[in-house]
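Throughout the sequence shown, residue numbering follows this note's numbering, covering 989 to 1279 in sequence. Backbone N, C-alpha and C define an ideal beta-carbon position, used for all residues, glycine too. Source: prediction; values computed, not measured.
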Amino acid sequence: KVPALAGAEIQKSATPGYLTGKPILAGLSTTDAGGNTVIEQLLDGLTLPNMADSKGLCRVCPSGVGTAWPSSCTSDPGGSEGFDGRERVPVLFNEDIRLGCQLQLTRSQLASFCSAGALHPLLRYPSSLRLGIWGNSDPSNYLDWVPNNPNQQQLADTPGNPSTSQAWDPRGNCSNVVNSIHLEVLTADEGSLRNPQQKIIGARIVYGQSLWIAQQPDDSKPNLYTITTTVSFLKIANGGAVEVMPPIPSVLPVLPNDIFYPFTGAASSCRIGRWQVALIFLLSAGMGMLL
989 KVPALAGAEI
999 QKSATPGYLT
1009 GKPILAGLST
1019 TDAGGNTVIE
1029 QLLDGLTLPN
1039 MADSKGLCRV
1049 CPSGVGTAWP
1059 SSCTSDPGGS
1069 EGFDGRERVP
1079 VLFNEDIRLG
1089 CQLQLTRSQL
1099 ASFCSAGALH
1109 PLLRYPSSLR
1119 LGIWGNSDPS
1129 NYLDWVPNNP
1139 NQQQLADTPG
1149 NPSTSQAWDP
1159 RGNCSNVVNS
1169 IHLEVLTADE
1179 GSLRNPQQKI
1189 IGARIVYGQS
1199 LWIAQQPDDS
1209 KPNLYTITTT
1219 VSFLKIANGG
1229 AVEVMPPIPS
1239 VLPVLPNDIF
1249 YPFTGAASSC
1259 RIGRWQVALI
1269 FLLSAGMGML
1279 L
């Protein structure tokens, strides 16, 4: 069962902005009894499945029965036994994370997996997933969470994901396999320069694809294939301090405006003769020798 808000106290990550190293607020978009969009907040925030066992093989549920996200238990072939659906790794603000494991698939299992055209359960995010904009985002206000606009990219495992383009070749390979999923979180600072508040301004899912080849001509020995999931943070510039370089100081001395008086008057002040230019050069050279 999804560990969602049910009268339990949920820890805030900060007030209002996020602090580096603190959990990211996460929840599932739903509708309350009044028909209003609200967020069913996850008690542990955003987490990833602890994908690998001690040998690096992908885990599955001991019972072989899948459960709702974010448990990510799987009955798919290729995984090892002993996976606890509650065993997850927290995603912390501004700290990139990468997890992975290896699937063991025979030739026939690879063909079946490929023909299914679906994401592996360990590489899925639900379409209802939302991330808190602030470290104290209010679950009763869906505008405090992203995505909250139809124009924003959804964090979703939708029919349009690239796994639908998987194709099995009878010669023993599966093309366009989604072997990785990357969550990119966009952040920015807001508020005063002395006390900026960090917030999440957007996020998107990026899929990685590969060609999986069955090295064995039959099912006598399984092949190993790697799947990975990552979360990375990208800070977007939002004003802030601008580095200013002062002008290079002049090597010439500063001369008063009337240095050539009475040789120049108001009528000729806008026009300087050649001898005046030469005089300026000589004066500058003399001052340089004195310095």
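Contacts around residue i, its chain only, beta-carbon distance under 7 Å, and the 5 residues preceding and following it disregarded
i	result
Arg1086	Thr1216, Thr1218
Gln1203	Asn1211
Asn1038	Glu1075, Arg1076, Val1077
Pro1004	Trp1122, Gly1123, Asn1124, Gln1185
Asn1164	Pro1150, Ser1153, Gln1154, Ala1155, Gln1197
First and last residue of the uninterrupted beta strand (DSSP E) at residue i
i	result
Ser1220	1211-1223
Cys1089	1085-1093
Gln1029	1025-1029
Pro1205	Unbroken run through Pro1205: none, as it is neither H nor E.
Val1077	1076-1078
For residue i, three-class secondary structure by DSSP
i	result
Ala1014	strand
Gln1097	helix
Ala1040	strand
Tyr1113	coil
Leu1045	strand
Leu1131	helix
Thr1055	Here the model assigns Thr1055 a pLDDT of 40, short of 50, so the residue's position is not dependable, and the following value carries that caveat. Thr1055: coil per DSSP, three-state reduction.
Gly1066	Only weak support exists for where Gly1066 lies, its pLDDT of 46 falling under 50; the coordinates are left without a value.
Own chain residues within Cβ distance below 8 Å of residue i, not counting five before or after
i	result
Asn1149	Leu1107, Val1166, Tyr1195
Thr1019	Thr1025, Val1026
Leu1007	Ser1001, Phe1081, Gly1123, Gln1186
Contact with chain C by residue i, beta-carbon distance below 8 Å
i	result
Ala1104	No chain C is part of this structure, which consists of one protein chain only.
Cβ-based neighbour list, residue i, same chain, cut-off 6 Å, excluding 5 preceding and 5 following
i	result
Thr1094	Asp1207, Pro1210
message: For the structure I just gave you, are there three or more beta carbon pairs, one from the stretch 1148-1159 and one from the stretch 1121-1129, closer than 8 Å?
response: no
query: Which ranges would you report for the beta strand (DSSP E) in the stretch 1136-1202 if only whole runs of at least 3 residues count?
result: 1155-1157, 1161-1178, 1185-1201
- request: Determine contact between the stretch 1175-1189 and the stretch 1106-1122, defined as no fewer than three beta-carbon pairs at a distance below 8 Å.
  value: yes
query: Do the stretch 1086-1103 and the stretch 1018-1032 meet, that is, are 3 or more Cβ pairs less than 8 Å apart?
result: no
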